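A.B. asks:
Residue numbers (our numbering): 1044 to 1218.
1) Would you mind stating whether residue 1147 and residue 1125 have Cβ atoms separated by less than 8 Å?
2) What are the boundary residues of the beta strand (DSSP E) that residue 1092 is part of?
3) From which residue to which residue does the alpha helix (DSSP H) around residue 1170 run?
4) May I ask you to list the residues that DSSP assigns as paired with residue 1148?
5) With respect to 7 Å, is the separation between the Cβ of residue 1090 and the closest non-hydrogen atom of the ligand NAD below this value?
6) Tell whether a beta-carbon distance below 8 Å holds between residue 1198 and residue 1162.
7) Can you find the residues in the same chain that come closer than 6 Å, C-beta to C-beta, to residue 1080, ignoring five residues on each side of it along the sequence?
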């Protein structure tokens, strides 16, 4: 995983921006994805970064809302097992994200896969939307264990992306 980053424009020229590693593949360049999603993958590890604009969940407690989004991702992945916990850390981003650290176990292509999942929930004030940033890092696949140090490097890159995420144009969110 590269230590070099660049400011990446998300959701068009003026939607959002975040510092992301320069060696990512933008999935939108190879396949059609939803207009409410940005998906990037690491060429060397298969780890993925997903930024979703979602309908705001009707849960007032931001920690419970973040847990709801994590559980929804795990269920969408048909995870056999999953768990998550809130990460307490200094908030650098003015958007005050809630951050979770979790793990998923899922069956994929006939073998068991283990994912380390990091998730940040940004509640968009004055709008009916949540922004969810998730990093999925394979720690064990049908081909064996993930690369040593990949989780640590991905965590550092996740926090850099979360701390740098900016909403440039709030008209991106319909009321």
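C-beta atoms are modelled at their ideal positions from N, C-alpha and C, and glycine is treated no differently. Just so it is clear, the structure is predicted and the values come from calculations on it, not from any experiment.
C.D. replies: Reading from the atomic positions:
1) yes
2) 1091-1098
3) Neither: residue 1170 is in no alpha helix (DSSP H) and is coded neither H nor E.
4) 1124, 1157
5) As presented, the structure is devoid of all ligands, the ligand NAD included, so that no description of it is given.
6) no
7) 1095
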